[in-house]
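Student: I have a structure I would like to understand better, so I am pasting it below and will then ask my questions one at a time.
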Amino acid sequence: TVEGHEVRVGSAAFLVDADDPHGLVARGEALAEAGRTPLFVAVDGTVAGVAAVADRLKADSAAAVARLRSMGMRVVMITGDHPRTAAAVAREAGVDEVYAQVLPDQKAERVAALQAQGRVVAMVGDGVNDAPALARADVGFAMGGGTDVAMEAGDITLMGGSLAGVIKAFELSAATIRNIRQNLVGAFFYNVLGIPIAAGVLYPVSGTLLSPEIAGAAMAFSSVTVVTNARRLRRFEPRGLGSELPATDAAPTHAAGPPGVATPTASSSAAADGEAP
1491 TVEGHEVRVG
1501 SAAFLVDADD
1511 PHGLVARGEA
1521 LAEAGRTPLF
1531 VAVDGTVAGV
1541 AAVADRLKAD
1551 SAAAVARLRS
1561 MGMRVVMITG
1571 DHPRTAAAVA
1581 REAGVDEVYA
1591 QVLPDQKAER
1601 VAALQAQGRV
1611 VAMVGDGVND
1621 APALARADVG
1631 FAMGGGTDVA
1641 MEAGDITLMG
1651 GSLAGVIKAF
1661 ELSAATIRNI
1671 RQNLVGAFFY
1681 NVLGIPIAAG
1691 VLYPVSGTLL
1701 SPEIAGAAMA
1711 FSSVTVVTNA
1721 RRLRRFEPRG
1731 LGSELPATDA
1741 APTHAAGPPG
1751 VATPTASSSA
1761 AADGEAP
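Quick note, the numbering used here runs 1490 ahead of the 1-based positions in the sequence shown.
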């Protein structure tokens, strides 16, 4: 209450029982179509004003989404924003599956639903509302410029605040797995050849034996080889994002409210929260 008047501020859903003689709700819908989040003010049960806020999409977001999809990942946007605002940002970012007007606990439920389908889910977020989903995901990416709660809930913090860091993390993890496999295969064959020789398998044929000194040196050499190969990861550089394909012009799919089946819509685009299972 302000000076005897009841004042309410919120989304159109919050003001569903308010009178709208000036058509401000419709103007808010138009702002949402343009990728902005409308905020309404009602005084004594009558809509008296509307304002809109918007986040500018990061320059490399569309390229990052295109790269993730080229890597065989399904990219989904989960947001608490208005469905039309979310669809507008999603179109700009190249995301074609959107869940809008989702509450914080529903974001975590959506992650759990994907995991129940046997998917490995990575969640990217930066706000307090993202914390439950970041904690529930198999891997949570928190943006360095976000809230402390999100960074504590996430497994990885992207200090640069760019989705390019997600690409680097995935590529680095793949390079690490390749390196581990190379070391395991190399160590296996090294021991398959070396242990029989050290045991004297060649002695009946050629009289060859390995002294303990030589065997010890050979074992040390194998360890040096493994460590040297592993250190190559320090020089690892991810691919750039500059040559990625532009965002698609296809209409995104979206769902409002609790997690469910996404349905096609012909809205424009938008988004911020993301999840890459």
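Just so it is clear, CB atoms sit at the ideal spot from N, CA and C, and this is done for glycine as well.
1) Who are the near neighbours of residue 1618 in its chain, counting only those whose CB is closer than 6 Å to its CB and skipping five residues on each side?
2) Could you work out which residue in 1677, 1654 and 1701 is closest to residue 1727 when comparing CA atoms only?
3) Which residue marks the beginning of the beta strand (DSSP E) containing residue 1777, and which one marks its end?
4) Would you say residue 1613 and residue 1588 are within 8 Å of each other, going by their C-beta atoms?
5) Within its chain, find whatever has a CB closer than 6 Å to the CB of residue 1633; leave out the 5 residues flanking it on each side and keep chain order.
6) Could you pull out every residue in the same chain whose Cβ sits closer than 7 Å to the Cβ of residue 1518, ignoring the five residues on either side in sequence?
7) Roughly how many angstroms lie between the CA atoms of residue 1499 and residue 1605, to the nearest whole one?
8) Using a Cβ-Cβ cut-off of 8 Å (strictly less than) and excluding sequence neighbours within five positions of residue 1504, which residues of its own chain qualify?
9) What would DSSP say about residue 1709, mapped onto helix, strand or coil?
10) Between which two residues does the alpha helix (DSSP H) holding residue 1699 run?
11) Run the CB neighbour count on residue 1674, radius 10 Å, all protein chains shown included, and call it buried at 16 or more, exposed below.
12) In its own chain, which residues sit with a C-beta less than 7 Å from the C-beta of residue 1645, not counting the 5 before and 5 after it?
13) Assuming residue 1622 and residue 1597 are in contact, meaning their beta carbons sit under 8 Å apart, how far apart are those beta carbons, in whole angstroms?
14) Closest to residue 1545 by CA distance: which of 1506, 1569, 1729 and 1677 is it?
15) Whether or not the segment 1708-1718 and the segment 1666-1683 are in contact is what I'm after, with contact meaning three or more pairs of Cβ atoms, one per stretch, closer than 8 Å; do they touch?
16) What number of angstroms, rounded off, separates the C-alpha of residue 1697 from the C-alpha of residue 1704?
17) When you compare the CB positions of residue 1514 and residue 1542, do they come within less than 8 Å of one another, or not?
18) With DSSP as the reference, please indicate the residues paired to residue 1536 in a beta bridge.
19) Output the boundary residues of the beta strand (DSSP E) element that contains residue 1612.
Tutor: Short version:
1) Excluding positions up to five away in sequence, the list reads 1637 and 1639.
2) When each option's Cα is compared against that of residue 1727, the closest is 1654.
3) Within the shown structure, residues of the chain are numbered from 1491 to 1767, placing residue 1777 beyond reach of any answer.
4) Between residue 1613 and residue 1588, the C-beta gap is not smaller than 8 Å, which leaves the two residues out of contact.
5) Residues 1616, 1648 and 1651 of the same chain have their beta carbon placed closer than 6 Å to that of residue 1633, with the five preceding and five following residues left out of the count.
6) Excluding sequence neighbours, residue 1518 sits near 1502, 1528, 1530 and 1540.
7) Approximately 37 Å between the Cα atoms of the pair.
8) Correct list, in chain order: 1498 and 1530.
9) In the three-state DSSP reduction, residue 1709 falls in the helix class (H, G or I).
10) Neither: residue 1699 is in no alpha helix (DSSP H) and is coded neither H nor E.
11) By the neighbour-count rule (16 or more Cβ atoms within 10 Å), residue 1674 is not buried but exposed.
12) Only 1629 and 1630 meet the Cβ criterion.
13) So it is a contact: roughly 6 Å between Cβ atoms.
14) Checking every option, the nearest Cα to that of residue 1545 belongs to 1569.
15) Output reads yes: the segment 1708-1718 touches the segment 1666-1683.
16) Cα to Cα, the separation comes out at about 16 Å.
17) A distance of 8 Å or more separates the beta carbons of residue 1514 and residue 1542.
18) Answer is 1509 and 1533, bridged to residue 1536.
19) DSSP places residue 1612 in the uninterrupted beta strand (DSSP E) bounded by 1612-1615.
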